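Numbering (numbering that gives the first Met the number 0), first residue to last: 0 to 82. Quick notes on the structure that follows.
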Amino acid sequence: MGSFSGANADLEVMGRDADAFDKAYLDEVTSGRAVTQPNIWQASEVDRILRGYIDQAWAGTMSAEDALTQADAEIQAILDEQP
Numbered sequence: 000m001g002s003f004s005g006a007n008a009d010l011e012v013m014g015r016d017a018d019a020f021d022k023a024y025l026d027e028v029t030s031g032r033a034v035t036q037p038n039i040w041q042a043s044e045v046d047r048i049l050r051g052y053i054d055q056a057w058a059g060t061m062s063a064e065d066a067l068t069q070a071d072a073e074i075q076a077i078l079d080e081q082p
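As structure tokens, this is what we get:
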């Protein structure tokens, strides 16, 4: 699987012959419910933090609520550094 475009012209063409997987993607993107990842300098660091806390919640070493609270605090500190 490759990547999907978010350009309106591409979405229109994709919709013509969309299978169930592509249709679900198109529905989310065109409805406005899908949100892109923010374009920030530390995107890989944010991803690492979030994945680390999700892993801890999955492993049962941390509750989901605590994991998300901790991730939010660390990620917000990074976002606050943005110009």
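For glycine and all other residues, C-beta sits at the position ideal for the given N, C-alpha and C. On a predicted model such as this, the values are computed, not experimentally measured, just so you know.
Going by C-alpha positions, Glu64 is about 16 angstroms away from Gln75. When secondary structure is reduced to three states using DSSP, Asn38 falls in the coil class, being assigned neither helix nor strand.
In this structure, DSSP gives Asp65 a helical state, which the three-state scheme calls helix. Nearest neighbour of Asn7 by Cα position, chosen from Met61, Trp57, Asp26 and Asp79, turns out to be Asp26. Relative to Asp71, the option among Gly51, Trp57 and Asp16 whose CA is nearest is Gly51.
Taking 8 angstroms as the cut-off, the Cβ atoms of Ile53 and Ala66 count as close. In its chain, beyond the 5 residues on either side, Met61 and Ala66 have a beta carbon closer than 7 angstroms to the beta carbon of Gln55. Ile39 and Arg32 have their C-alpha atoms spaced approximately 21 angstroms apart.
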